[in-house]
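Asks: With this note's numbering as the guide, the letters of the sequence shown map in order to residues 170 to 509.
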Amino acid sequence: MTQLTTLLSAFVLAAPAAPAGSVQVYAHRGGRSFAPENTLPAYRAALSIGADWVDMDVVLTKDGEVLVSHDLLVSPNLARDSAGRYITKGPAAKDLTLRELQSFDVGRLNPESAYAKFFPDQVPVDGTHMPTLREVARYVEKAARHKMGFQIEMKTDPAQPERSPDPKAFAQALHRILKEEGIIGRAEIQAFDWRCLSELRRLDRNVKTAYLTSRDNEPGGPDSFYGEDPKAAGLWTGGALVKDYGGSIPRMVKALGGFAWEPEDAELTQAALAEAHRLGLKVVVWSWPEKLGTTFDAGLVAKLLSWGVDGIITDDPGRLASMLAARGLRVPPRYPGAGK
Numbered sequence: 170m171t172q173l174t175t176l177l178s179a180f181v182l183a184a185p186a187a188p189a190g191s192v193q194v195y196a197h198r199g200g201r202s203f204a205p206e207n208t209l210p211a212y213r214a215a216l217s218i219g220a221d222w223v224d225m226d227v228v229l230t231k232d233g234e235v236l237v238s239h240d241l242l243v244s245p246n247l248a249r250d251s252a253g254r255y256i257t258k259g260p261a262a263k264d265l266t267l268r269e270l271q272s273f274d275v276g277r278l279n280p281e282s283a284y285a286k287f288f289p290d291q292v293p294v295d296g297t298h299m300p301t302l303r304e305v306a307r308y309v310e311k312a313a314r315h316k317m318g319f320q321i322e323m324k325t326d327p328a329q330p331e332r333s334p335d336p337k338a339f340a341q342a343l344h345r346i347l348k349e350e351g352i353i354g355r356a357e358i359q360a361f362d363w364r365c366l367s368e369l370r371r372l373d374r375n376v377k378t379a380y381l382t383s384r385d386n387e388p389g390g391p392d393s394f395y396g397e398d399p400k401a402a403g404l405w406t407g408g409a410l411v412k413d414y415g416g417s418i419p420r421m422v423k424a425l426g427g428f429a430w431e432p433e434d435a436e437l438t439q440a441a442l443a444e445a446h447r448l449g450l451k452v453v454v455w456s457w458p459e460k461l462g463t464t465f466d467a468g469l470v471a472k473l474l475s476w477g478v479d480g481i482i483t484d485d486p487g488r489l490a491s492m493l494a495a496r497g498l499r500v501p502p503r504y505p506g507a508g509k
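1. Output needed for LEU177: all residues of its chain with C-beta closer than 8 Å, excluding positions within five of it in sequence on either side, in chain order.
2. Suppose you measure from the CA of ALA179 to the CA of VAL309; what does that come to, to the nearest Å?
3. When the Cα of PRO336 is compared with those of SER383, LYS311 and GLY407, which residue comes out closest?
4. TYR195 by DSSP, collapsed to three states: which one?
5. Which residues bound the alpha helix (DSSP H) around GLU368?
6. Taking VAL500 as the reference, give the member of SER202, GLY219 and ILE353 with the closest Cα.
7. Measure the alpha-carbon distance for ILE276 versus ASP232 and round it to whole angstroms.
8. Look up MET492 in the DSSP assignment and say whether it is helix, strand or coil.
9. Kindly indicate which three-state DSSP category GLU322 falls into: helix, strand or coil?
10. Report the residue from SER456, LEU381, ASP274 and LEU242 whose alpha carbon sits nearest the alpha carbon of GLU151.
11. Which residue's Cα is closest to the Cα of PHE287: LYS451, ARG496 and GLY200?
12. Since LEU489 contacts THR483 with CB under 8 Å, what's their CB separation in whole angstroms?
13. Can you find the residues in the same chain that come closer than 8 Å, C-beta to C-beta, to PRO293, ignoring five residues on each side of it along the sequence?
14. Per DSSP, ILE358 forms a beta bridge with which residues?
15. So, helix, strand or coil for TYR395, using DSSP?
16. Applying the criterion that 16 or more other CB atoms from any shown protein chain within 10 Å of the CB defines a buried residue, is ASP398 buried or exposed?
17. DSSP three-state label for PRO501, please.
18. Just grab the DSSP bridge partners of ILE353 for me.
19. Ignore the nearest five residues each way along the sequence and tell me which others in ALA306's own chain have a CB closer than 8 Å to its CB.
20. If you run the structure through DSSP and keep just helix, strand and coil, what is PRO185?
21. Just confirm the distance between the C-beta atoms of VAL235 and THR297, as a whole number of angstroms; I'd bet it's less than 8 Å.
22. Going by DSSP, what residues sit across from MET225 in a beta bridge?
23. Rounded to the nearest angstrom, what separates TRP222 and ALA196 at their Cα positions?
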């Protein structure tokens, strides 16, 4: 391999980097404010609007395919059957084959759902199916010319193992695709169930793992890491106990090999952000619309920008980019007409 080829390969495989002091924009589920979440139309919209990273959730099907979808149970908020009727009870994704799962139409929100009220500007695209991770990776790679980052969340629930794939098998299936599609260097793999991240790190220490937390994991929360019962406190962490790390979630994430800590935006404190940065962790925040009451809290975003977070996962990447531009900060690249 020539020196030039080596340099070009390193460029292609490098994760997206932002200048010091800038904030990276993550298009959540492809920017679900504007297009059906976790679908190719959503990623087409995200690339046209502009982002540094496309965000997606993945599940494991009965036949071992990695499918881009948020829910362990097929969601009545999104899915219509072959007769065009919204399903009333979702089967577990892990119990259906890829073919069965892709028979659902997820291109239009159920207008009767409370969920739909958060996304009045979403443009429906009837006939849209849940894509595989390979489909999304190949589309984004071509449309963004190998410059876009992939944020991929592994969906499992240790409290509901009957609905969840085995973390080890899930990690193996995901890792294989990351390698085969050549995106492992531009991917951040996140999970609330930290067992998944541990399994990935056993396979490959070079994978960038991002540890998700929410306000529910704080003291007094229903899934608190700070409780007295070690089984409950370690349920989502794979048995790791925050008390063994001085009561610090950032310290626990760092000790477990984390590349990034990804707290809920309303959970983060300025002190915790400073501690995470001292430890060398990237800090990327996310929003919980059902708890915030909105998909975009401009006041909260402004505070987080002033604090110096490294990235923001948002349903509205265009509005976030506008706030960045108004502050003289870098805005993410756009890929207009992607896929046309």
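Positions of the beta carbon are idealized from the N, C-alpha and C atoms, including for glycine.
Computed from a predicted model, the values in this text were never measured in an experiment.
Replies: So, from the listed chains and residues:
1. Translated into the one-based positions of the sequence shown, residue 177 becomes position 8. Because the pLDDT at LEU177 is just 36, under 50, the model does not fix this residue reliably, and the value given afterwards should be weighed accordingly. So the list is empty, once near-sequence residues are dropped.
2. One-based indexing of the sequence shown puts residue 179 at position 10. One-based indexing of the sequence shown puts residue 309 at position 140. Note that ALA179 has pLDDT 38, beneath the 50 cutoff, so the model's placement of it is unreliable and the number below is only indicative. Answer to the nearest angstrom: the Cα atoms are 19 Å apart.
3. Position 167 of the sequence shown, counted from the first residue, corresponds to residue 336. When only C-alpha atoms are compared, the closest one is GLY407.
4. Working through the sequence shown from its first residue, we reach residue 195 at position 26. Of the three classes helix, strand and coil, the one that applies to TYR195 here is strand, per DSSP.
5. Locating residue 368 in the sequence shown gives position 199, counting from the first residue. Counting along the chain, the alpha helix (DSSP H) containing GLU368 begins and ends at 363 to 372.
6. Counted from its first residue, the sequence shown places residue 500 at position 331. Looking only at SER202, GLY219 and ILE353, the smallest Cα-Cα distance to VAL500 is reached by GLY219.
7. Reading the sequence shown from its first residue, position 107 is the one you call residue 276. Reading the sequence shown from its first residue, position 63 is the one you call residue 232. As written in the sequence, residue 276 is Gly, which differs from the Ile given in the question. Going from the Cα of GLY276 to the Cα of ASP232 covers about 24 Å.
8. Counting from one through the sequence shown, the residue named residue 492 turns up at place 323. In this structure, MET492 counts as helix in the three-state DSSP scheme.
9. Taking the first residue of the sequence shown as position 1, residue 322 is located at position 153. Looking at GLU322 - three-state DSSP - the assignment turns out to be strand.
10. The question about residue 151 has no answer, for the chain in this structure spans 170 to 509.
11. Locating residue 287 in the sequence shown gives position 118, counting from the first residue. Distance check between PHE287 and each of LYS451, ARG496 and GLY200 places GLY200 closest, using alpha-carbon atoms only.
12. On the sequence shown, residue 489 is found 320 positions in, with the first residue counted as 1. On the sequence shown, residue 483 is found 314 positions in, with the first residue counted as 1. Correct: roughly 5 Å between the Cβ atoms.
13. Reading the sequence shown from its first residue, position 124 is the one you call residue 293. Only PRO205, GLY276, ARG277 and LEU278 meet the Cβ criterion.
14. Here the question's residue 358 lines up with position 189 in the sequence shown. Note: ILE358 sits in a beta bridge opposite ILE321 and THR378.
15. The residue you call residue 395 lines up with position 226 of the sequence shown. TYR395: coil per DSSP, three-state reduction.
16. Here residue 398 refers to the residue found at position 229 of the sequence shown. Exposed.
17. Taking the sequence shown and counting its residues from 1, one reaches residue 501 at position 332. Per DSSP, reduced to three states, the secondary structure at PRO501 is coil, with no helix or strand assignment.
18. For the purposes of this step, residue 353 is taken as residue 184 along the sequence shown, with counting starting at 1. ILE353 is not bridged to any residue.
19. As a working note, residue 306 is residue 137 in the sequence shown. Taken in chain order, the residues that qualify are PHE319, ILE346, GLU350 and ILE352.
20. Taking the sequence shown and counting its residues from 1, the one referred to as residue 185 is at position 16. In the structure shown, PRO185 sits in coil (DSSP, three-state: anything other than H, G, I, E or B).
21. Along the sequence shown, read from residue 1 onward, the residue named residue 235 stands at position 66. Along the sequence shown, read from residue 1 onward, the residue named residue 297 stands at position 128. The Cβ separation is near 18 Å, so there is no contact.
22. The residue given as residue 225 occupies position 56 in the sequence shown. The partner list for MET225 (beta bridge, DSSP) reads ILE321.
23. For the purposes of this step, residue 222 is taken as residue 53 along the sequence shown, with counting starting at 1. For the purposes of this step, residue 196 is taken as residue 27 along the sequence shown, with counting starting at 1. Cα-Cα distance, rounded: 6 Å.
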